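In the working numbering, the protein residues as written are 142 to 340.
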Ligand code: 5GP
């Protein structure tokens, strides 16, 4: 029997404090899973650089975003640096029902909302920095922000890491290859769960 026909797809979400290396992990995992479905989020932030509508994001006005929420077109949404980001409902539901997996890079609250809604069809992964000192160093190494902004981010990170226990899994990003391998292991193990086999 083809596994794809006997189970729903799994939504894997990855969240964590800013600067933890979540984006790099997500990109590496996606490379290893070219068959994963892609969820293009809606956002009220403006496109950056070469970003195109419908590719990186669906770029929406506040009014359009409000309308999507009202009409139930958004499964979860959150505010990040004053702009809203949300996962469109229809493509995600279609992926899950057709047995297709996907990987979502969303905020902490977004992951918790996804879990609440989809239960076992959603698997949430929290990426932790090895320590707050290491996170501070990584933010300083980026060289893009003032010390004041870095302190602000660190304070936010301190409260964010308290949410880690609400996630299904925690991956500590002290070594990128190891973190990616651990996410791969989670994906493999989740696929092998007996509850996913409708036999
Ligand atoms: P950026 O503006 O750098 O592309 O993304 C900022 C943040 O928005 C990232 O931390 C990313 O995880 C989060 N994000 C992107 N799309 C979504 C979404 O659909 N829902 C939620 N909750 N967060 C999102």
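Positions of the beta carbon are idealized from the N, C-alpha and C atoms, including for glycine. Only a predicted model underlies this, so the values are computations on that prediction, with no experimental measurement involved.
Secondary structure remark: continuous beta strand (DSSP E) runs of at least 3 residues inside the region 155–187, in chain order: 182–184.
Ranked by Cα distance from residue 212, the first of 178, 230, 155 is 230. Collapsing the DSSP output to three states places residue 270 in coil.
Taking residue 148 as the centre and dropping the five residues before and after it, the same chain places the C-beta of 240, 337, 338, 339 closer than 7 Å to its C-beta, in chain order.
Assignment of residue 312 by DSSP, reduced to helix, strand and coil, places it in the strand class. Rounded to whole angstroms, the separation of the alpha carbons of residue 334 and residue 221 is 34 Å. Assignment of residue 217 by DSSP, reduced to helix, strand and coil, places it in the strand class. Counting along the chain, residue 228 sits inside the beta strand (DSSP E) bounded by residues 224–229.
A distance of 8 Å or more separates the beta carbons of residue 312 and residue 302. Around the beta-carbon of residue 178, 16 or more other beta-carbon atoms lie within 10 Å, marking it buried. Selection 258, 265, 294, 267 evaluated against residue 278 yields 294 as nearest (Cα-Cα).
In terms of Cβ geometry, residue 169 and residue 321 form a close pair [threshold 8 Å]. The straight-line gap separating the alpha-carbon atoms of residue 331 and residue 262 is approximately 10 Å.
Less than 8 Å separates the beta-carbon of residue 226 from that of residue 182. Setting aside the 5 residues that flank it on each side, residue 297 is surrounded in the same chain by 158, 159, each with a C-beta closer than 8 Å to its C-beta; the list follows chain order.
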